[in-house]
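Visitor: Heads up: take any position in the sequence shown, counting from 1, add 2, and you land on my numbering.
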Amino acid sequence: MYGSIKEMKKPVYLDYAATTPVDPRVAAKMQECLTLDGCFGNPASTSHCYGFLAKQAVENARQQVAELINASPQEIIWTSGATESDNLAIQGVANFYKDKGRHIITCQTEHKAVLDTCHFLQKQGFDVTFLKPQKNGVINLDELKAAIQADTILVSIMHVNNETGVVQDIEKIGEICRQHKIFFHVDAAQGAGKLPLDMQKMPIDLLSISAHKIYGPKGIGVLYVRNKPKVRLQALIHGGGHEHGLRSGTLATHQIVGMGEACALASLSLDDEFQRILALRKSLLTKLDVLSGVTLNGDAKQCWPGTLSLSFEKIDGDALLMALEGLAVSLGSACTSAMIESSFVLRAMGVAENLAHGTIRLSIGRFTDAEQIDYAADQIIEHITKLRNMAPD
Ligand SMILES: *Cc1c(COP(=O)(O)O)cnc(C)c1O
3 MYGSIKEMKK PVYLDYAATT PVDPRVAAKM QECLTLDGCF GNPASTSHCY GFLAKQAVEN
63 ARQQVAELIN ASPQEIIWTS GATESDNLAI QGVANFYKDK GRHIITCQTE HKAVLDTCHF
123 LQKQGFDVTF LKPQKNGVIN LDELKAAIQA DTILVSIMHV NNETGVVQDI EKIGEICRQH
183 KIFFHVDAAQ GAGKLPLDMQ KMPIDLLSIS AHKIYGPKGI GVLYVRNKPK VRLQALIHGG
243 GHEHGLRSGT LATHQIVGMG EACALASLSL DDEFQRILAL RKSLLTKLDV LSGVTLNGDA
303 KQCWPGTLSL SFEKIDGDAL LMALEGLAVS LGSACTSAMI ESSFVLRAMG VAENLAHGTI
363 RLSIGRFTDA EQIDYAADQI IEHITKLRNM APD
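Below, the structure written as structure tokens:
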């Protein structure tokens, strides 16, 4: 049996960038799609009302997702999450348009779902440019322009960075891509539902979204695929021809309904939630001012305020994480089996190795309150001070 988190003394959850709890209103809708008395049918069953009702639920959810990003429902393709959406977008364009060109541009600070997909394509003969961001994490647009070649078919740049919260100027990047007739994919797993996105206005061709980053369930996501001008993709998964043949497989009604509801709730509270989370961020940073040797990684203004990457001088991140047992935060570095390697995102931004090792990512979300932020600040101040006093110097 899994231990119940209720039985433990729970640390304060400050890891919303890793995943979010499902909003209870979302869970309630999902619950209605599972059992015999609910909307459990196969949306592809056309011969009875069970299928028909499930199809209606799926199309209603598609509309809710489309509304969040001001797209049309036909442009929304259900996937298993942003990882699959990134794969479908990048491999899909690469394989469909490979006779047109084989060059792709992306950035060193992208999510692994984008980076590893690009590495995979490199092995198949595609040429990939990995742009290095500036120190503040933002891509230099002149460097992007300079990287464009005659055979460039795709640019893939994320909206909000998962480790630092840095926001890329996706509108300007999209304009550059349009001028050069290059497809533009955006991994918006950390941006959709948090910052405004408008596909009618923004020159974006493909956009990945994940439900579990916006209070929906894990295992469901969306790829937005622009209709006009049309983007063609080669499918990754075959069988049954669901989702215009782009993504076969029985649609997971409960997951889809959950994602739809999560998007509808996000649409309603986008501005309020931004302001509330911005205030919590400011309060945390103000409290941490009493500490010396603290840096906030990434541009302090061009960012999603809920995600903070904080580096502490003369601190080992592992030791800090251990000490901060009252907080559920994550390390700014990933441990591989052989050695502790600092975060590739911070390294790409030129953060010094010793500072990168003393970095934690703290992410604030819908259920974070002022009391939790006060507690987090007190804990960080107390333990940084203790650890520094213990250090030999
Ligand atoms: C979480 C995340 C993903 C992966 O999404 P899944 O739905 O978990 O597959 C991709 N990109 C970014 C930026 C993310 O934050």
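A virtual CB, placed ideally from N, CA and C, is assigned to each residue, including glycine.
Excluding five sequence neighbours on each side, which residues of the same chain lie with their C-beta closer than 7 Å to the C-beta of GLY176?
Guide: Taken in chain order, the residues that qualify are PHE186, MET204, PRO205, ILE206.
Visitor: Rounding to the nearest angstrom, what Cα-Cα distance links LEU248 and ILE92 in this structure?
Guide: Looking at the two C-alpha atoms, the distance is approximately 13 Å.
Visitor: Pick from LEU267, HIS246, VAL353: whose alpha carbon is nearest that of VAL296?
Guide: For the residues LEU267, HIS246, VAL353, the minimum Cα distance to VAL296 belongs to VAL353.
Visitor: Residues bridged to LEU16 by DSSP?
Guide: According to DSSP, which records beta bridges pairwise, LEU16 is partnered with nothing at all.
Visitor: Do LYS196 and GLY83 have their CB atoms nearer than 9 Å?
Guide: Against a cut-off of 9 Å, the Cβ pair of GLY83 and LYS196 comes out as no contact.
Visitor: Find the nearest neighbour of VAL188 within the set ARG104, ILE78, MET160, judged by alpha-carbon distance.
Guide: Here the closest residue by C-alpha is MET160.
Visitor: Compute the Euclidean distance between the alpha carbons of LEU1 and ILE386, then round it to the nearest angstrom.
Guide: Outside the modelled stretch of the chain, which goes from 3 to 395, sits residue 1, for which no answer is possible.
Visitor: If I follow the unbroken beta strand (DSSP E) through CYS109, where does it start and stop?
Guide: Its beta strand (DSSP E) spans residues 105 to 109.
Visitor: Heavy atom of ligand 1 less than 8 Å from the Cβ of VAL24, yes or no?
Guide: No, Cβ of VAL24 sits at least 8 Å from all heavy atoms of ligand 1.
Visitor: State buried or exposed for PRO231, treating a residue as buried only when at least 16 other CB atoms are found within 10 Å of its CB.
Guide: PRO231 comes out exposed.
Visitor: How about ALA254: is its Cβ closer than 8 Å to a heavy atom in ligand 1?
Guide: No, ligand 1 has no heavy atom inside 8 Å of this Cβ.
Visitor: Keeping to the same chain, check which residues put their C-beta closer than 7 Å to that of MET32; ignore five residues upstream and five downstream.
Guide: Hits under 7 Å: PRO219, HIS256, VAL259, GLY260.
Visitor: In chain order, what residues of the same chain have a beta carbon less than 8 Å from the beta carbon of ILE106, not counting five sequence neighbours either side?
Guide: Only ILE92, ALA96, CYS120, LEU123, PHE128, ASP129, VAL130, THR131, THR154, ILE155, LEU156, VAL157, SER158 meet the Cβ criterion.
Visitor: Helix or strand or just coil, what does DSSP make of SER82?
Guide: Of the three classes helix, strand and coil, the one that applies to SER82 here is coil, per DSSP.
Visitor: Judging by CA-CA distance, which residue of SER294, ASN163, ALA46 is the nearest neighbour of ILE383?
Guide: Ranking the options by Cα distance to ILE383, first place goes to SER294.
Visitor: Give me the residue from PRO45, VAL331, VAL28 with the minimum Cα distance to ALA56.
Guide: Looking at the Cα atoms, PRO45 is the closest of the given residues.
Visitor: Which whole-angstrom value is the C-beta distance of ALA254 and ILE222, which I expect to be below 8 Å?
Guide: Yes, they are in contact, since the Cβ atoms of ALA254 and ILE222 sit about 6 Å apart, within 8 Å.
Visitor: Between SER210 and ligand 1, is the CB less than 8 Å from at least one heavy atom?
Guide: Within the cutoff, so yes.
Visitor: Output the residue ranges of the beta strand (DSSP E) runs that lie fully inside the stretch 273 to 309 and measure 3 residues or longer, sorted by chain position.
Guide: Listed in chain order, the complete beta strand (DSSP E) runs (minimum 3 residues) inside the stretch 273 to 309 are 296 to 298.
Visitor: Would you check if the distance between the CB atom of ILE71 and the CB atom of TYR217 is smaller than 9 Å?
Guide: No, they are not a contact pair.
Visitor: From this set, ALA264, LYS102, ASP39, ASN391, which residue's C-alpha is nearest ILE317's C-alpha?
Guide: When each option's Cα is compared against that of ILE317, the closest is ASN391.
Visitor: Could you check what DSSP says for GLY396 in three-state terms: helix, strand or coil?
Guide: Outside the shown range of the chain (3 to 395) lies residue 396, about which nothing can therefore be said.
Visitor: Report the rounded CA-to-CA distance for GLY243 versus GLY43, giving the unit in angstroms.
Guide: Going by the C-alpha atoms only, they are around 18 Å apart.
Visitor: Sort TRP306, LEU364, ILE211, GLU355 by Cα distance to LEU286 and report the nearest one.
Guide: Residue LEU364 is the option with its Cα nearest to LEU286.
Visitor: Here's the rule: buried if 16 or more other CB atoms are within 10 angstroms of the residue's CB, otherwise exposed. What is MET351?
Guide: With 16 or more other Cβ atoms within 10 Å, it is buried.
Visitor: What are the uninterrupted segments assigned as beta strand (DSSP E) that are 3 or more residues long and contained completely in the stretch 171 to 257, given in chain order?
Guide: Counting only runs of 3 or more, we get 185 to 189, 208 to 212, 223 to 227.
Visitor: I need the straight-line Cα distance from LEU146 to ALA330, nearest angstrom please.
Guide: Approximately 37 Å, taken between the alpha carbons.
Visitor: Residues in its own chain within less than 8 Å of GLU77 by CB, not counting five upstream and five downstream?
Guide: Same-chain partners within the cutoff: ALA68, MET201, TYR226, VAL227, ARG228, ASN229.
Visitor: So ARG368 is in the alpha helix (DSSP H); what residue range does that whole segment cover?
Guide: First-last for ARG368: undefined, no H or E at that position.
Visitor: Please classify ALA59 as buried or exposed, where buried requires at least 16 other C-beta atoms within 10 Å of its C-beta.
Guide: Classification of ALA59: buried, given that the 10 Å Cβ count is 16 or more.
Visitor: Starting from LEU143, follow the alpha helix (DSSP H) in both directions and report where the run begins and ends.
Guide: From DSSP, the alpha helix (DSSP H) with LEU143 extends over 143 to 149.
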